[in-house]
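Asker: Here it is, the structure, as structure tokens.
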Amino acid sequence: MALYTVSRLLSPLIKATRLISHGNVAGLLEVHVLPTIIKPIGICSVKGVSEMKVVKPDFIVAGGMRCATGWIRQCLRDHPNIYMPQREPHYFNRNYEKGVDWYLELFSSYEGEKLAGEKTASYFHYRDSPFRMIDMNPDVKVIVCLRDPVERMFSHYSMHAQTDETLRNQGFLESINSGSDFVNWSRYAEQVENFKDHIPEKNLRFVIYEDKDIDPTLFIQDLYTFLGVNPLYKSPSAELRTKLGQFEHNHWFWRTLSTIMLHPRAPLFFRQLYTEIRPSSSASAIDEEIYKELSIYFDDLPLLEELLGRKLDWRTRKYVTA
Numbered sequence: 290m291a292l293y294t295v296s297r298l299l300s301p302l303i304k305a306t307r308l309i310s311h312g313n314v315a316g317l318l319e320v321h322v323l324p325t326i327i328k329p330i331g332i333c334s335v336k337g338v339s340e341m342k343v344v345k346p347d348f349i350v351a352g353g354m355r356c357a358t359g360w361i362r363q364c365l366r367d368h369p370n371i372y373m374p375q376r377e378p379h380y381f382n383r384n385y386e387k388g389v390d391w392y393l394e395l396f397s398s399y400e401g402e403k404l405a406g407e408k409t410a411s412y413f414h415y416r417d418s419p420f421r422m423i424d425m426n427p428d429v430k431v432i433v434c435l436r437d438p439v440e441r442m443f444s445h446y447s448m449h450a451q452t453d454e455t456l457r458n459q460g461f462l463e464s465i466n467s468g469s470d471f472v473n474w475s476r477y478a479e480q481v482e483n484f485k486d487h488i489p490e491k492n493l494r495f496v497i498y499e500d501k502d503i504d505p506t507l508f509i510q511d512l513y514t515f516l517g518v519n520p521l522y523k524s525p526s527a528e529l530r531t532k533l534g535q536f537e538h539n540h541w542f543w544r545t546l547s548t549i550m551l552h553p554r555a556p557l558f559f560r561q562l563y564t565e566i567r568p569s570s571s572a573s574a575i576d577e578e579i580y581k582e583l584s585i586y587f588d589d590l591p592l593l594e595e596l597l598g599r600k601l602d603w604r605t606r607k608y609v610t611a
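The numbering of the sequence shown is this note's numbering, which starts it at 290 and goes up by one.
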């Protein structure tokens, strides 16, 4: 049964890779190739066209960076009562000067779903974001996902190193010790405090990245409840992550999948998708001593635990994954 499941998942990916290797990118649009890959995970659901309606977002997934916000967005978009555009508008930070009309045009395909929302992972790291969100919609709900700080930092570095040869040659540890912004983006307490100062507690939900690997469906259903839509709906994206978790320790499976999805000629979203669906333990590990050395940067963890009202096991983690 396991081999059948693997074969069923890999078949369209293998076919897609063959098309790419022969330069036939257009062939990906065939109904049995690209839709087979992306439809089950909610990355490209297509809604019908209706007349334009002006709508403000009911909720915002505000971050953090490299904290599974892309997967969260896919799961929320799966729900029939939720509308979310695929694009990140970056409105409440770097595009604010473009004005509200520019922003609301992002929701022009809204078709009357119960809720509309958007995701921009960098909002959490910009001080004016929560004030601007409340100014637009005083009742807006905000979701923030937090990840082991060192793990998030390594993932952020790995993403940039894929396209930055200088950073890649410099190496992870040296890039951090030389004053990289990766450190500041992994210090959460100040940002959490900032959001709590502006967003009412009942409209603010902090979730922990590592919890999603325990039970992806329950993780997302909790967010459905928070947003006020049917929590019993089963997201295909969450269920896919659960199924892939069965192969968490199957190195052959993940090596084969990475060969396909990280192929140099594969579309960019293949790589982005791979980082979202891959279980943490299947990724390459970083030395425990480096982890301990970098942990000194995160002396704000006691304050963060106090702000969140829960203990975090990040201090005891012995590996870091991309």
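Where a beta carbon is used, it is the ideal one built from N, C-alpha and C, also for glycine.
For the candidate residues Pro505, Thr452, Ala450, Glu578, whose alpha-carbon lies nearest to that of alanine 357?
Answerer: Residue numbering aside, residue 357 sits at position 68 when the sequence shown is read from its first letter. Ranking the options by Cα distance to alanine 357, first place goes to Pro505.
Asker: Where does isoleucine 503 land, buried or exposed, given buried means 16+ other C-beta within 10 angstroms?
Answerer: As a first step, residue 503 must be located in the sequence shown, where it is residue number 214. Classification for isoleucine 503: exposed.
Asker: Given this structure, state the Cα-to-Cα distance separating glutamine 480 from valine 439, to the nearest angstrom.
Answerer: Along the sequence shown, read from residue 1 onward, the residue named residue 480 stands at position 191. Along the sequence shown, read from residue 1 onward, the residue named residue 439 stands at position 150. One C-alpha to the other measures close to 17 Å.
Asker: Straight-line CA distance for isoleucine 332 to arginine 599?
Answerer: The residue you call residue 332 lines up with position 43 of the sequence shown. The residue you call residue 599 lines up with position 310 of the sequence shown. With a pLDDT of 38 at isoleucine 332, under the threshold of 50, the predicted position of this residue should be treated as unreliable, and no value is reported.
Asker: Return the chain-ordered ranges of every beta strand (DSSP E) run that is complete within the stretch 469 to 523 and spans a minimum of 3 residues.
Answerer: Segments of the beta strand (DSSP E) lying fully in the stretch 469 to 523: 493 to 497.
Asker: Exposed or buried, serine 573, counting other C-beta atoms within 10 Å across all chains shown (16 or more means buried)?
Answerer: In the sequence shown, counting from the first residue as 1, residue 573 sits at position 284. Residue confidence for serine 573 is low, a pLDDT of 48 falling below 50, so the modelled location carries little weight; the figure read from the coordinates is stated next. It is exposed - the Cβ of serine 573 has fewer than 16 other Cβ atoms within 10 Å.
Asker: May I ask you to report which of helix, strand or coil DSSP gives leucine 551?
Answerer: As a position in the sequence shown, residue 551 is number 262, starting the count at 1. Three-state DSSP puts leucine 551 in coil, outside helix and strand.
Asker: So leucine 512 and tyrosine 477 are supposed to be a Cβ contact under 8 Å. How far apart are they, rounded?
Answerer: Residue mapping note: residue 512 aligns to position 223 of the sequence shown, counting from 1. Residue mapping note: residue 477 aligns to position 188 of the sequence shown, counting from 1. 19 Å between Cβ atoms; not a contact.
Asker: Ordered along the chain, which non-local residues of its own chain (more than five positions away) have a Cβ less than 7 Å from that of valine 433?
Answerer: To locate residue 433, count along the sequence shown from 1; it is residue 144. Excluding positions up to five away in sequence, the list reads Ala351, Gly352, Gly353, Phe413, Phe484, Phe495.
Asker: When you measure from the CB of phenylalanine 443 to every non-hydrogen atom of the ligand ZN, does any distance come out below 7 Å?
Answerer: The ligand ZN is absent from the structure shown, which contains no ligands of any kind.
Asker: Rounded to whole angstroms, what's the CA-CA distance from proline 520 to asparagine 370? Just pull it up for me.
Answerer: In the sequence shown, counting from the first residue as 1, residue 520 sits at position 231. In the sequence shown, counting from the first residue as 1, residue 370 sits at position 81. Going by the C-alpha atoms only, they are around 11 Å apart.
Asker: Excluding five sequence neighbours on each side, which residues of the same chain lie with their C-beta closer than 7 Å to the C-beta of isoleucine 445?
Answerer: Taking the first residue of the sequence shown as position 1, residue 445 is located at position 156. The residue you asked about is not isoleucine; residue 445 is histidine in the sequence shown. Around histidine 445: Met354, Arg355, Phe471, Trp474.
Asker: If we call anything under 8 Å between Cβ atoms a contact, is arginine 362 one with lysine 408?
Answerer: Residue mapping note: residue 362 aligns to position 73 of the sequence shown, counting from 1. Residue mapping note: residue 408 aligns to position 119 of the sequence shown, counting from 1. The answer is yes: Cβ separation under 8 Å.
Asker: Helix, strand or coil for isoleucine 326, going by three-state DSSP, please let me know.
Answerer: Here the question's residue 326 lines up with position 37 in the sequence shown. With a pLDDT of only 44 at isoleucine 326, under 50, the local geometry of the prediction cannot be trusted, and the value read off the model is given with reservation. Three-state DSSP puts isoleucine 326 in a helix.
Asker: Figure out for me which residue from Pro489, Lys491, Leu393 has the closest Cα to the Cα of phenylalanine 381.
Answerer: The residue you call residue 381 lines up with position 92 of the sequence shown. Measuring from the Cα of phenylalanine 381, the nearest candidate turns out to be Leu393.
Asker: Taking all protein chains shown into account, do 16 or more other C-beta atoms lie within 10 angstroms of the C-beta of glycine 406, making it buried, or fewer, making it exposed?
Answerer: For the purposes of this step, residue 406 is taken as the residue at position 117 of the sequence shown. Answer is buried; the Cβ neighbour count reaches 16.
Asker: Would you call the CB atoms of aspartate 437 and tryptophan 541 closer than 8 Å?
Answerer: To locate residue 437, count along the sequence shown from 1; it is residue 148. To locate residue 541, count along the sequence shown from 1; it is residue 252. Contact: no.
Asker: With DSSP run on the structure shown, which of helix, strand or coil describes glutamate 400?
Answerer: Here residue 400 is taken as the residue at index 111 of the sequence shown, counted from 1. Glutamate 400: coil per DSSP, three-state reduction.
Asker: Which partner residues of glutamate 407 appear in the DSSP bridge assignment?
Answerer: Walking along the sequence shown from the start, residue 407 turns up at place 118. Looking at the DSSP assignment, glutamate 407 forms a beta bridge with Ile349.
Asker: With DSSP as the reference, identify every bridge partner of leucine 581, one or two as the case may be.
Answerer: The residue labelled residue 581 in the question sits at position 292 within the sequence shown. The sequence as given places lysine at residue 581; leucine does not occur at that position. Note: lysine 581 sits in no beta bridge, so no partner.
Asker: Give me, in chain order, the residues of the same chain whose beta-carbon lies closer than 7 Å to that of valine 343; leave out the 5 immediate sequence neighbours on both sides.
Answerer: Along the sequence shown, one-based indexing puts residue 343 at 54. Leu393, listed in sequence order.
Asker: Using only the alpha-carbon positions, how far apart do tyrosine 522 and glutamine 510 sit?
Answerer: Counting from one through the sequence shown, the residue named residue 522 turns up at place 233. Counting from one through the sequence shown, the residue named residue 510 turns up at place 221. Rounded to whole angstroms, tyrosine 522 to glutamine 510 spans 8 Å at the Cα level.
Asker: Mind checking which residues open and close the beta strand (DSSP E) that includes glycine 434?
Answerer: One-based indexing of the sequence shown puts residue 434 at position 145. Checking the sequence shown, residue 434 turns out to be cysteine, not glycine. Where cysteine 434 is concerned, the enclosing beta strand (DSSP E) stretches over 430 to 435.
Asker: Please determine, among Phe587, Val518, Leu395, the residue with the shortest C-alpha to C-alpha distance to glutamate 402.
Answerer: Locating residue 402 in the sequence shown gives position 113, where the first residue counts as 1. It is Val518.
Asker: For tyrosine 563, does the three-state DSSP call read helix, strand or coil?
Answerer: Position 274 of the sequence shown, counted from the start, is the residue given in the question as residue 563. Three-state result, tyrosine 563: helix.
Asker: Just reading off the alpha helix (DSSP H) that asparagine 466 is part of, what are its end residues?
Answerer: In the sequence shown, residue 466 corresponds to position 177, counting from 1. Looking at the DSSP string, the run of the alpha helix (DSSP H) that includes asparagine 466 is 461 to 466.
Asker: Can you tell me where the alpha helix (DSSP H) with methionine 354 in it begins and where it stops?
Answerer: For the purposes of this step, residue 354 is identified with residue 65 of the sequence shown, where counting begins at 1. Counting along the chain, methionine 354 falls outside any alpha helix (DSSP H), and DSSP gives it neither H nor E.
Asker: From what residue to what residue does the alpha helix (DSSP H) around histidine 414 run?
Answerer: On the sequence shown, position 125 is the one that residue 414 refers to. Element bounds for histidine 414: n/a, residue is neither H nor E.
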